[in-house]
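Asks: Please read through the structure below; I'll follow up with questions.
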Amino acid sequence: MYRTHNCGELRIENVGNEVTLSGWIQSSRDFGGLTFIDLRDRYGITQLVFSMDENKEMCESARKTGREFVIQAKGVVRERSNKNPNRPTGEIEIDVKSFEVLNSSETPPFTIEDKTDGGDELRMKYRYLDIRRNPVKENLIFRSKCSLEVRKYLGGSDFVEVETPFLIKSTPEGARDFIVPSRLNKGQFYALPQSPQTFKQLLMVAGMDKYYQIVKCFRDEDLRADRQPEFTQIDCEMSYVHRDDILDTFEGLTKHLFKTLKGVELEDFPRMDYDYAMKTYGSDKPDLRFDMKFVELNDLAKGKGFSVFDDAELVVGINAKGQSKEYSNKAIKKLTEWVKRPQIGAKGLVYVKFEEDGMIRSSVGKFFSEEQIKSWGDLMSADAGDMLLILSGEVDKVRKQLGELRLEMARNMGLMKDGDFKPVWILDFPLLEWDEDADRFFAMHHPFTAPKKEEIEKMKSGDFETLKNLKADAYDLVINGAEIGGGSIRIHDRELQSKNFSLLGFTKEEAQKQFGFLLGAFEYGAPPHGGIAFGFDRLCAVMNNQSSIRDYIAFPKNNQGKDVMIDAPDTVDEEQLIELGLQLRKD
Ligand code: ASP
0 MYRTHNCGEL RIENVGNEVT LSGWIQSSRD FGGLTFIDLR DRYGITQLVF SMDENKEMCE
60 SARKTGREFV IQAKGVVRER SNKNPNRPTG EIEIDVKSFE VLNSSETPPF TIEDKTDGGD
120 ELRMKYRYLD IRRNPVKENL IFRSKCSLEV RKYLGGSDFV EVETPFLIKS TPEGARDFIV
180 PSRLNKGQFY ALPQSPQTFK QLLMVAGMDK YYQIVKCFRD EDLRADRQPE FTQIDCEMSY
240 VHRDDILDTF EGLTKHLFKT LKGVELEDFP RMDYDYAMKT YGSDKPDLRF DMKFVELNDL
300 AKGKGFSVFD DAELVVGINA KGQSKEYSNK AIKKLTEWVK RPQIGAKGLV YVKFEEDGMI
360 RSSVGKFFSE EQIKSWGDLM SADAGDMLLI LSGEVDKVRK QLGELRLEMA RNMGLMKDGD
420 FKPVWILDFP LLEWDEDADR FFAMHHPFTA PKKEEIEKMK SGDFETLKNL KADAYDLVIN
480 GAEIGGGSIR IHDRELQSKN FSLLGFTKEE AQKQFGFLLG AFEYGAPPHG GIAFGFDRLC
540 AVMNNQSSIR DYIAFPKNNQ GKDVMIDAPD TVDEEQLIEL GLQLRKD
């Protein structure tokens, strides 16, 4: 038997027990006649004591071991004289009677400690060592518990878990496909699913009624921070439902997960229109842990002779409460440089400080009277001590810029508090998005999303402007400014689906070639249906106040889409390429 107990479970009640433990050497310390080894496994750390007096030979060989050696020790549990209150096993130690080295170890390239000295890339290369560290290990255990709770909740609500294939043909979700060449059908390719979207809709036609799957999705997207080419979704679809049935079900799931895994009781989630979110927070994923709503100042600030504002489509600001004292001229200069960085792209930043002593200081004090500036303050509920930050320019751009500035200010002001969770449903997204460069519409969610019921007629016959303003029956769940998931009511009518494909620029033939299977299925009694998918990795990260999904994936890719541990992607043998029909034999 390798072990009678694990390294995290022995307590004072076990004193006197004969036990066997196995694990890794976390650290060892020699004190003349005594050698202490901290033995670690997944469950914890237990102190082993080797005594020179009792067994010189054993003690000497224990001293020859090093960090991360795998050993087995047999001994008796005894009370520690020098207790460690920070460790669950800290009241006891093992008086070792015999031990064996099960495997030796190289010195690890970084310390296996909660705070390690290893950089990102090094830890990725030795991910199996990184996972020995508590923070990474705990994240993976959290993820496992979370998927179990998802299964309990959805399984308990009559959802059926169905696996859908990975070798499929392209499903457009707005990214590029990963392509897999077919050996048996040379010159032909599978695509890895960007999501099981079409399959889950076919499962509704097939009568499964409520489907879910915790499933890998693959998207060959351009590199952006915190994106992974393969990631996991909690993917769902339901028949005979309206939007609110889906929102209620997945709000219920989210509340269940927070309650069981974090002990947090979430209140009912507010619901917000996309248009309102864009106008008020400059983002379709507003962080509602703090307020700082946008206030539009066109009526008060335009037409007064300040050309920057006069030439702008929109003048809009936020009130940074209590910040006038916090921001010196130097700090404002820094903030101005921040908004002018290419990633943000603002041309400049206007500030107004309502000082505690009643003075008003502003970067545009020359252009406006005190009365005029005061009127902005009134509209923006400014009190003494507040600071207004104002941007101007084209509507869409300036909203986005101010949205970023709002987040930056919240970071600076410490308003993003850990343990504070603010979910919100964003509703009524646009159906179509016009792309100037491609000169065509794209589906804002995906091509299977239905317009809102009252918009169907407009979609069938509308002109360009009408089409641009069509609303979809689509929704996103956002928590603390992170998009947790999204979905929609689907089109289940063949004609309407064909119409949508044609608006998206597919010819009849192209639509038939790519989606004939779905259009065909719609001719056999497709029920009304809709669904949603949550990003599982992101949900785990957000539930733990962490910003990176990488920490919740056992073996993630780096920012170049590479797995540096196994060295993938990699070249393959010429023979493999020939076999796949991707290269001709030379002779
Ligand atoms: N397939 C969609 C996605 O991956 C989710 C959905 O519409 O259900 O975002």
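Under numbering that gives the first Met the number 0, the first residue of the sequence shown carries the number 0, and numbering increases by one thereafter.
Backbone N, C-alpha and C fix where the C-beta goes; we use that ideal spot for every residue, glycine too.
(1) In whole angstroms, give me the CA-to-CA distance for residue 624 and residue 557.
(2) Cβ of residue 611 within 8 Å of Cβ of residue 322?
(3) Please classify residue 345: does DSSP put it in a helix, a strand, or coil?
(4) Provide the residue span of the beta strand (DSSP E) that contains residue 530, from first to last.
(5) Between 169, 422, 0 and 547, which lies nearest to residue 283 when the distance is taken from Cα to Cα?
(6) Which stretch, first to last residue, makes up the alpha helix (DSSP H) that contains residue 434?
(7) Here's a check: name, in chain order, each residue in its chain whose Cβ is nearer than 7 Å to the Cβ of residue 520, leaving out the five neighbours to either side.
(8) Name the DSSP bridge partner or partners of residue 295?
(9) In the DSSP assignment, the alpha helix (DSSP H) including residue 186 goes from what residue to what residue?
(10) What separation, rounded to the nearest whole angstrom, lies between the Cα atoms of residue 551 and residue 149?
(11) Where do the N-terminal and C-terminal ends of the beta strand (DSSP E) with residue 29 fall, by residue?
(12) Report the rounded CA-to-CA distance for residue 376 versus residue 278, giving the unit in angstroms.
(13) Is residue 93 close to ligand 1? I mean its beta-carbon at under 7 Å from any heavy atom of the ligand.
(14) Curious, which full-length alpha helix (DSSP H) runs of at least 4 residues does the segment 473 to 513 contain?
(15) At the level of alpha carbons, what is the spacing between residue 167 and residue 191?
(16) Would you give the residue range spanned by the beta strand (DSSP E) that residue 398 belongs to?
(17) Inspect the beta-carbon positions of residue 319 and residue 419 and report whether they are closer than 8 Å.
(18) Rounded to whole angstroms, what is the Cα-Cα separation between residue 128 and residue 122?
(19) Compare the beta carbon distance of residue 65 and residue 111 with 8 Å and say whether it is the shorter of the two.
(20) Name the two residues that bound the continuous beta strand (DSSP E) containing residue 439.
(21) Would you kindly check if the distance between the Cβ of residue 36 and the Cβ of residue 50 is under 8 Å?
(22) Check whether the Cβ of residue 196 sits closer than 7 Å to any heavy atom of ligand 1, and report yes or no.
(23) Distance, Cα to Cα, residue 545 vs residue 417?
(24) By DSSP, does residue 12 sit in helix, in strand, or in coil?
(25) If you scan the segment 119 to 205 from start to end, which runs of the alpha helix (DSSP H) of 4 or more residues do you find wholly inside it?
Replies: The answer reads as follows:
(1) Not covered by the structure: residue 624. The range shown for the chain is 0 to 586.
(2) What is shown of the chain runs 0 to 586, which leaves residue 611 out entirely.
(3) If DSSP states are grouped into helix, strand and coil, residue 345 belongs with coil.
(4) Segment 528 to 534, the beta strand (DSSP E) holding residue 530.
(5) Considering only alpha carbons, the answer is 422.
(6) Note, residue 434: premise wrong, no alpha helix (DSSP H); beta strand (DSSP E) at 431 to 434.
(7) Here residue 520 has 201 and 204 as same chain residues with Cβ atoms under 7 Å from its own Cβ, once five neighbours each way along the sequence are excluded.
(8) 315.
(9) Note, residue 186: premise wrong, no alpha helix (DSSP H); not H, not E.
(10) Going from the Cα of residue 551 to the Cα of residue 149 covers about 16 Å.
(11) 17 to 30 is the span of the beta strand (DSSP E), which, as asked, contains residue 29.
(12) For residue 376 and residue 278, the distance between alpha carbons rounds to 19 Å.
(13) Outside the cutoff, so no.
(14) Complete alpha helix (DSSP H) runs here, min 4: 493 to 502.
(15) The straight-line gap from Cα to Cα measures roughly 6 Å.
(16) Following the DSSP letters along the chain, one finds residue 398 in no beta strand (DSSP E) but inside the alpha helix (DSSP H) bounded by residues 394 to 411.
(17) With contacts defined as CB atoms closer than 8 Å, residue 319 and residue 419 fail to qualify as a contacting pair.
(18) It is roughly 8 Å from the alpha-carbon of residue 128 to the alpha-carbon of residue 122.
(19) Cβ atoms of residue 65 and residue 111: not closer than 8 Å.
(20) Its beta strand (DSSP E) spans residues 439 to 442.
(21) No, the Cβ-Cβ distance between residue 50 and residue 36 is not below 8 Å.
(22) Flag set: Cβ of residue 196 near ligand 1.
(23) For residue 545 and residue 417, the distance between alpha carbons rounds to 9 Å.
(24) Residue state, collapsed to three classes: helix.
(25) With a minimum length of 4 residues, the continuous alpha helix (DSSP H) runs that stay inside the segment 119 to 205 are 119 to 124, 126 to 129, 133 to 154 and 196 to 204.
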